[in-house]
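First to last, the sequence lines map onto chains A and B. Heads up: the first sequence is residues 96 to 647, going by our numbering. Heads up: the second sequence is residues 664 to 1034, going by our numbering.
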Amino acid sequence: MITLVAPRQRFPLVITVLGLALLCVFFLYPLSRIFDASFLDSKGAHFTFANYVKILGSAFYQQAVANSFEIGAAATLLTVFLAVPLAFALARLPIAGKSALLTLVVLPLVLPSFVSAYALLLMLGRAGLATQALRDLGIPFGSIYGAPGIVAVYTLTLYPYVLLPTLAGFKAIDVSVEEASRNLGASRWRGFWTVTLPIVIPSVLSGALLVFIETLENFGVPIVLAEDKPILSVEAFKLFVGETDQNPSSAGVLGVLLIVSTALVLLIQRHYLGRRRFATGARRSPPLIPIGTWLSRLASAACWAVVLLSLMPFFAVVVLSFMKFRGPVLQGGFSLDNFADLLGRSARPLENTLMLSGLAAVIAAGIGVPIGYAITRFRSGLTNLLEIVSTMPFAVAGTVLGIGLIISFNSGVMVLTGGWLIMVLAYVVRKLPFSVRSSASILHQIDPSLEEASVNLGVSPVMTFARLTVPLMLGGIVGGMVLTWVTVSSELSATVVLYSGEWQTLTVVMFQALEGTGAGTAVAAASLLIVITLAPLTLVYRLLRRYEASLL
Amino acid sequence: MDRPLETRTLENPSDALNLANITLHHVNRSFGTVRAVDDISLNIADGEFFTLLGPSGCGKTTLLRMVAGFAELETGEIRFGERRIDVLPAHRRNTGMVFQNYAIFPNLSVNDNVAYGLRARKVASSQIGERVARALRLVKLAEHGNRWPHQLSGGQLQRVAIARALVIEPVVLLLDEPLSNLDAQLRVEMRAEIRQLQQSLGITAIYVTHDQEEALAISDRIAVMRQGRLEQIGAPDEIYRRPASPFVAEFMGTTNLLKGNVAAQGQSIRVGETEFAMPRIELPQGTSLSFSLRPEALRPLIDDERAPEGWAVVPAKLARLEFLGALTRIEASLSHGAVLRAAWLDLPLHRLKLGDSLSFAYDPARVTVFT
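Here's what the structure looks like:
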């Protein structure tokens, strides 16, 4: 076969075939097993629609679907209302401490959202600090369990998905279109509604759809806050853990429902919005709008309030981790007991987190960079297919992928369950879309004629990739690896399905503490996680922007 | 294993062992339904400066990239001397390419950029320094070896690109619109320099451009391309003076492309009511055809000046004058309204008024008839 291919195409062809093979085995095959499971009877022998009839006919699961969509829609709307004004203020108004804000605003994207949910629980839950304080003051306080808490956490942790593209949109507007609108007699206010805002609407919507997908897939936040309210991603997990039959048919049905809904939303995003970009290609950002001192102070205060509020839970968790707990109850007084408890029992969760996410980061880059190279530099039917398949994991909830991997590699030729490898595989597959897209976006900034020049001077394509392209991409690759490392270390949804015995991670410790009584251990784990996340980010915070750009 | 390509040495061109004339034999390539390169056969002599000229999308760059190995041939073959090279991967062809945007490696110093190809060829490091220095001297950048690309101007980057391509002693130098990113003044200087360098080294060069003036100034021979096909190959003056088709006539500069019918005796062509005398045409009377007459071949007859012996005269009316300093462009209308363009140096403008009758004389030998 190789001999039929022009010499120039051999190297990318090899990458493409290997990449597709890998995704087939560790992504498409597990997904297909979930589809299979949903259409087979409990013995796994006969084709049937009974599972769908059973699940879709049950009021409980209908409620789960409805809840997931309602919560997702509410959170999406709220993020838009929060993020768009904030983006406009950051792009066009004189805001105090703007560069600090721009740095902080990105953090919720990489900080673990379920830590935020857990902090909310500790502060405002039934036995929460603030709840008791408020009650002592005689102020009635409603429940944060169920929809209100989940929506609040989603809004405060996912708003950067809308904010960042919208901010970029506002900045990319050529000021002359606004001037044209005023020149034609429109007031500044009218100009904003008829020109400025419509231009950024596609950016707003594409960010909003990402928020919606995240809410559908998210497992950590509802597991902390949902209590008795059924949520699709949580119920899929519960069914899978609880199912005793040979064939996890019910979990399969919920998994398929989740995949289909996220895939649909993603399809809408890519195909509907892909063609609606009103980039006016401004070379310079539009100038700030002069507003009075008081207005400017007000706007600054509002921006800071939103950003600090979103980071407050994380701050609270770090502080709480140094306080004394007895069971789930806070005792007051500072100590290192929590950390002693967590690490004294075993340092394995911390080591596992560092090791597994490190491995995942290296492998995801090792696979993602060549794939990104093949799909940017050598367009063909096969590379187009690879591009689509390598983006698809984004639409698959971690829980669902985890279940698929277990069904697929529990028996047969390749038995992987029960070890660390299957966890790393899940992480690599989940982070591959990011790795591929960020490599592609770095490559778009490197002129392909550089590679041609190298080949022309006598260096083979493979060596050109290794010695010229990779060094030129290095900054971006390292940044991407750090971000993969950071996001994997706070991964919960696939981990909780796949971990076994000795391979607990910090997130698993937190998850278990939620069920039991070890609040102190959980807070210490959450606190460690935040430190692990923030420390490398301070080194590469500028690269965070690329993370965001590669998702959209 | 392939044996390494033999090449002449940079310092002593007469040592050439391998007089590599480059042959393209029925080369084809389509992109979808577009035939980007349509059955092209060419023979480029050793040491020749050969230019591929044509409008954008005519296939000239694709053809050059085929020689370099960056575009595949569907059918046909390319040879350097006796050796077939289109089956070789790009990095084994030993061509030196200068890219439109220079493609200087931004992560390497000027020295390392130039040494890149030598290192790929495993040249002893003791020799590399010497050869890099010589190549940089050649392009007048001897002092710039330790600089970084971002510290250089566009013209200097261009020189680095040329040095980097020459230092590997390639069989052929391939230049893909190398001057298009430079400003007008520098473009004129650099093209003279490239030509001078090529001649002193005696290296074969294939040059791609869409600029006809550049092509005329620099080339030994020009191939004019259109829609993937060769329109004409020839020396610059031949292409300009005796274009093979109306397309070439118009592409190679302003011309009067007129349509008419062969008049009696085949000695002239009638355009509207005006007769243009021609060299003898062996076609039946009334045959419709077109011909090209360059503006500078038309001499305005002012103050009852007489036409030189053997020249033809056409009467017209002065319609427009455009004074451009040394040159004045004239537009005159023929009796039936068609426009005749002429250009003349040092025209006595004050004696001309718009609307006046003005006759033009021309040497019939300067007319190109397209049959």
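From the three backbone atoms N, C-alpha and C, an ideal C-beta is built for every residue, glycine too.
| said: On a Cα-Cα basis, can you pick out the residue from Leu804(B), Pro1011(B), Gln814(B) and Ile869(B) that is closest to Pro833(B)? | reply: It is Ile869(B) whose Cα lies nearest to the Cα of Pro833(B).
| Got a sec: is the Cβ-Cβ distance from Glu735(B) to anything in chain A below 9 Å? | Flagged as an interface residue toward chain A: Glu735(B), by a C-beta distance shorter than 9 Å.
| message | Suppose the cutoff is 7 Å on Cβ atoms and the five residues either side in sequence are ignored; what does the same chain contact list for Ala178(A) look like? | response | The beta carbon of Ala178(A) lies closer than 7 Å to those of Tyr254, Val257, Leu258 and Thr261 in the same chain, with the five residues before and after it left out.
| message | Quick check on the burial criterion: 16 or more other C-beta atoms within 10 angstroms. Buried or exposed for Ala535(A)? | response | Counting Cβ neighbours within 10 Å, Ala535(A) comes out buried, since at least 16 surround it.
| field | Stretch-stretch touch, CB-based, cutoff 8 Å, three pairs: the region 535-546 of chain A with the region 400-419 of chain A | value | Using a Cβ-Cβ distance cut-off of 8 Å, the region 535-546 of chain A and the region 400-419 of chain A are not in contact, since fewer than three pairs of beta carbons, one from each stretch, lie closer than that value.
| field | Own chain residues within Cβ distance below 7 Å of Phe910(B), not counting five before or after | value | These residues qualify, in order along the chain: Arg889 and Glu894.
| So, is the C-beta of Leu563(A) closer than 9 Å to a C-beta in chain B? | Chain B, which has a Cβ nearer than 9 Å to the Cβ of Leu563(A), makes this yes.
| request: Pick out whichever of Leu845(B), Thr867(B) and Val887(B) has its Cα sitting closest to the Cα of Gln875(B). | output: For Gln875(B), the nearest C-alpha among the options comes from Val887(B).
| Relative to the C-alpha of Ala708(B), which residue among Thr758(B), Thr686(B), Leu981(B) and Val1032(B) is closest? | Out of Thr758(B), Thr686(B), Leu981(B) and Val1032(B), Thr686(B) has the C-alpha closest to the C-alpha of Ala708(B).
| query | Taking the DSSP output, what are the residues bridged to Trp1007(B)? | reply | Bridge partners of Trp1007(B): Thr991(B).
| message | Going by DSSP in three states, Gln790(B) sits in which element: helix, strand or coil? | response | Gln790(B): helix per DSSP, three-state reduction.
| Length of the line joining the Cα atoms of Ala492(A) and Leu451(A) | Straight-line Cα distance between these residues: approximately 19 Å.
| said: Can you tell me which residues form a DSSP beta bridge with Lys980(B)? | reply: Its beta-bridge partners are Ser996(B) and Ser1020(B).
| query | Quick one: what does DSSP say Ser704(B) is sitting in, helix, strand or coil? | reply | Ser704(B) sits in a strand when the DSSP states are folded into three classes.
| Contact between the region 259-278 of chain A and the region 335-351 of chain A: three or more CB pairs below 8 Å? | With the cut-off at 8 Å, the region 259-278 of chain A and the region 335-351 of chain A do not touch.
| task | Using a Cβ-Cβ cut-off of 9 Å, state whether Asn505(A) counts as contacting chain B. | result | Using beta-carbon distances, Asn505(A) does not count as an interface residue toward chain B, since no partner is under 9 Å.
| field | 8 Å CB neighbourhood of Ile741(B) in its chain, flanking five on each side removed | value | Sequence-distant partners of Ile741(B) (beyond 5 residues in either direction) whose C-beta falls short of 8 Å from its own C-beta, in its chain, are Ile685, Thr686, Leu687, His688, Val690, Met729, Val730, Arg747, Ile748 and Asp749.
| field | Cβ-based neighbour list, Glu840(B), same chain, cut-off 8 Å, excluding 5 preceding and 5 following | value | So the qualifying residues of the chain are Thr724, Gln763, Val871, Thr872 and His873.
| query | Is Ile97(A) buried or exposed, if buried means 16 or more other CB atoms sit within 10 Å of its CB? | reply | Note that Ile97(A) scores 38 on pLDDT, short of 50, meaning its location in the model is unreliable; the coordinates nonetheless yield the value given after this. The residue in question, Ile97(A), is exposed, as its Cβ has fewer than 16 Cβ neighbours within 10 Å.
| Is the region 442-451 of chain A touching the region 597-608 of chain A, taking contact as three or more C-beta pairs under 8 Å? | With contact defined as three or more Cβ pairs closer than 8 Å, the region 442-451 of chain A and the region 597-608 of chain A are in contact.
| task | Taking 9 Å as the cut-off, decide whether the C-beta atoms of Ser530(A) and Ala589(A) are in contact. | result | Not in contact: Ser530(A) and Ala589(A) (Cβ atoms no closer than 9 Å).
| query | Given that Thr867(B) touches chain A, what residues does it touch there, using C-beta distances under 7 Å? | reply | In chain order: nothing, as chain A lies at least about 16 Å away.
| Neighbouring residues, chain B, relative to Asn479(A) (Cβ below 8 Å) | Chain B residues near Asn479(A): none, gap ~16 Å exceeds 8 Å.
| query | Just how far apart, CA to CA, sit Arg969(B) and Arg962(B)? | reply | About 11 Å.
| In this structure, does DSSP put Met568(A) in helix, strand or coil? | Shown here, Met568(A) sits in a helix according to DSSP, grouped into three states.
| For Gly192(A), is the classification buried or exposed, using 16 other Cβ atoms within 10 angstroms of its Cβ as the cut-off for buried? | Under this definition Gly192(A) is an exposed residue.
| said: Cβ closer than 7 Å: which chain A residues qualify as neighbours of Pro841(B)? | reply: Residues of chain A passing the Cβ test: none, with the nearest at roughly 12 Å.
| query | At a cut of 8 Å, does the region 491-508 of chain A reach the region 329-339 of chain A through at least three beta carbon pairs? | reply | Result yes; three or more Cβ-Cβ pairs closer than 8 Å.
| request: Following the continuous alpha helix (DSSP H) through Asn551(A), name the residue where it begins and the one where it ends. | output: Per DSSP, Asn551(A) belongs to the alpha helix (DSSP H) from Pro543 to Asn551.
| So, helix, strand or coil for Ile245(A), using DSSP? | In the structure shown, the three-state DSSP call for Ile245(A) is helix.
| field | Alpha carbon of Leu629(A) to alpha carbon of Asn433(A), nearest angstrom | value | Answer to the nearest angstrom: the Cα atoms are 20 Å apart.
| With distances taken from CA atoms, which of Gly710(B), Gly1000(B) and Glu972(B) is nearest Arg1028(B)? | Sequence check: residue 1028(B) is Ala here, not Arg. When only C-alpha atoms are compared, the closest one is Glu972(B).
| Top-ranked residue by Cα proximity to Asn924(B), from Thr867(B), Val830(B) and Ile944(B) | Nearest option by C-alpha distance: Ile944(B).
| field | Listed by chain order, chain A residues near Tyr870(B) by CB distance under 9 Å | value | Going along chain A, no residue has its Cβ under 9 Å from Tyr870(B), so there is no contact; the nearest lies around 16 Å.
| said: Assuming Asp839(B) is part of the beta strand (DSSP E), what are its boundary residues? | reply: Counting along the chain, the beta strand (DSSP E) containing Asp839(B) begins and ends at Val835 to Asp839.
| task | Would you give the residue range spanned by the beta strand (DSSP E) that Tyr870(B) belongs to? | result | Tyr870(B): member of the beta strand (DSSP E) spanning Thr867 to Thr872, first to last residue.
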